[in-house]
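J.:
Residue numbers (my numbering): 8 to 85.
#1: Quick one: what does DSSP say residue 22 is sitting in, helix, strand or coil?
#2: Helix, strand or coil: which one does DSSP assign to residue 48?
#3: May I ask which residues mark the beginning and end of the beta strand (DSSP E) holding residue 77?
#4: From residue 82 to residue 44, what does the alpha carbon distance come to, in whole angstroms?
#5: State the Cα-Cα distance for the pair residue 41 and residue 12, rounded to the nearest angstrom.
#6: DSSP beta-bridge partners for residue 83?
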């Protein structure tokens with residue numbers, strides 16, 4: 008929650024499907040400036056994700072690849 012009112016994260020086993028809660032990896036940011044978005048809520052959501060075990064795989068909804076690198080959609084908490 009926090010990106011928009013419809014934001015949700017699913018944690019299934021060692022995978023977290025975070026959609027737009029976090030972006031990959033170059034921008035190092037997330038956005039809460041959409042209708043219904045909430046920066047404090049987004050902050051709490053990101054803290055919850057970062058509190059997952061280090062080996063948790065994180066799957067995002069977007070990647071704005073810099074420098075022409077291949078798109079990425081998976082990272083880990085650590």
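C-beta: ideal position from N, C-alpha, C; glycine also.
T.: According to the structure data:
#1: strand
#2: helix
#3: Where residue 77 is concerned, there is no enclosing beta strand (DSSP E), given that its DSSP letter is neither H nor E.
#4: 24 angstroms
#5: 9 angstroms
#6: 64
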